[in-house]
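Chemist:
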Amino acid sequence: MNATSQIQAVIFDLDGVITDTAEYHYQAWGMIAKELGLPFTREFNENLKGVSRIASLELLLGQAATPHTYSPEEMEEMATRKNEFYQQLIQQVTPADVLPGISELLAELKAHGVKTGIASASKNAFTVIRLLGMEKDFGVIVDAAKLARNKPDPEVFLTAADALGVDPQFCVGVEDAVAGVEAIKAAGMFAVYISLQENMSIADMNLNHTAELNYSELNQQFAAIKNRVS
1 MNATSQIQAV IFDLDGVITD TAEYHYQAWG MIAKELGLPF TREFNENLKG
51 VSRIASLELL LGQAATPHTY SPEEMEEMAT RKNEFYQQLI QQVTPADVLP
101 GISELLAELK AHGVKTGIAS ASKNAFTVIR LLGMEKDFGV IVDAAKLARN
151 KPDPEVFLTA ADALGVDPQF CVGVEDAVAG VEAIKAAGMF AVYISLQENM
201 SIADMNLNHT AELNYSELNQ QFAAIKNRVS
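Per full-length UniProt numbering, the very first residue in the sequence shown carries number 1; after that it's consecutive.
#1: Under three-state DSSP, which class holds E217?
#2: Whole angstroms are fine: how far does the CA of N199 sit from the CA of R149?
#3: Do L213 and V192 have their C-beta atoms closer together than 9 Å?
#4: Who are the Cβ neighbours of N219 in its own chain at under 7 Å, not counting the five residues just before and after it?
#5: Roughly how many whole angstroms lie between the Cα atoms of Y26 and F190?
#6: Can you give me the start and stop residues for the alpha helix (DSSP H) that V17 sits inside?
#7: Mind pulling the alpha helix (DSSP H) runs of 4 or more residues that sit fully within the stretch 71-100?
#8: Assuming L57 and M78 make a contact with CB atoms under 8 Å, what is their CB distance in whole Å?
#9: Should T80 go down as buried or exposed, given a rule of 16 or more other Cβ atoms within 10 Å for buried?
#10: Whose C-alpha, out of A9, V17 and I202, is nearest the C-alpha of T100?
#11: A107 to V178, Cα distance in whole Å?
#12: Would you mind stating whether G117 and A161 have Cβ atoms separated by less than 9 Å?
#13: In terms of alpha-carbon separation, which member of G37, T21 and A9 lies closest to N124?
#14: How many Å lie between F85 and G30 at the Cα?
#15: Comparing C-alpha positions only, which one of S52, L60 and I54 sits nearest to R42?
#16: In three-state DSSP terms, what is F138?
#17: DSSP on M1, reduced to helix/strand/coil?
#18: Count the other C-beta atoms from every protein chain shown that fall within 10 angstroms of the C-beta of T66, then say buried if there are 16 or more, exposed otherwise.
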């Protein structure tokens, strides 16, 4: 296998890929919805996955029977309040919360000299990675607070690739959200989508669980596509 068909970096989303903090996001948004007297269900919460805090708030406010216009300052205050609830909840996270297969995959990637990074829309990524005890497992964690655009824009994945010093075409992105997969493909990367709900036609690999991730299969699929287009 030649160097041009080998993976040079794997860039991961955080929530739902490295660990599952979705429940804490759900609880935090539920607290905000309750304060505002808005309906909020687990089904609706699926719409907020991989979406920025303000965009999520806009979707939530769209549930109101009578629309109300909030100032940018009020929106920011509500978004900040949601994050405060979330930050309290995630203090429960421990290294035991790393999803199945991830630690093994990271060890394989390291053994093969493949770089790794985190490309999350979460402004709490550094905190969660620290609580998981994984600070040394990633070459870069993109600071979402410094980004101008959110997924499905590819900025976060391109920023990670640039920081790792790897051409995006030799990167794999791993996501559990539709907007995230769209961002990976827009960045020109190989996309892995992890979901029990559905397959995505634009994803290069569709898996049900993180436990199905392994370097050998990933590199084989990556090489097959590279060789097909070369």
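For each residue, glycine too, the CB sits at the ideal point set by N, CA and C.
Modeler: On the basis of the supplied data:
#1: helix
#2: Approximately 26 Å, taken between the alpha carbons.
#3: yes
#4: Q6 and I7
#5: Cα to Cα, Y26 sits roughly 29 Å from F190.
#6: Where V17 is concerned, there is no enclosing alpha helix (DSSP H), given that its DSSP letter is neither H nor E.
#7: 72-89
#8: 6 Å
#9: exposed
#10: Here the sequence assigns Pro to residue 100, which means Thr is not the residue at that position. Among A9, V17 and I202, the Cα nearest to that of P100 is on V17.
#11: 27 Å
#12: For the pair G117 and A161, the CB atoms are nearer than the 9 Å cut-off.
#13: Nearest to N124 by alpha-carbon distance, out of G37, T21 and A9, is T21.
#14: For F85 and G30, the distance between alpha carbons rounds to 10 Å.
#15: Residue L60 is the option with its Cα nearest to R42.
#16: coil
#17: Model confidence at M1 stands at a pLDDT of 47, short of 50, so the residue's coordinates are unreliable and nothing is read from them.
#18: Answer is exposed; the Cβ neighbour count stays below 16.
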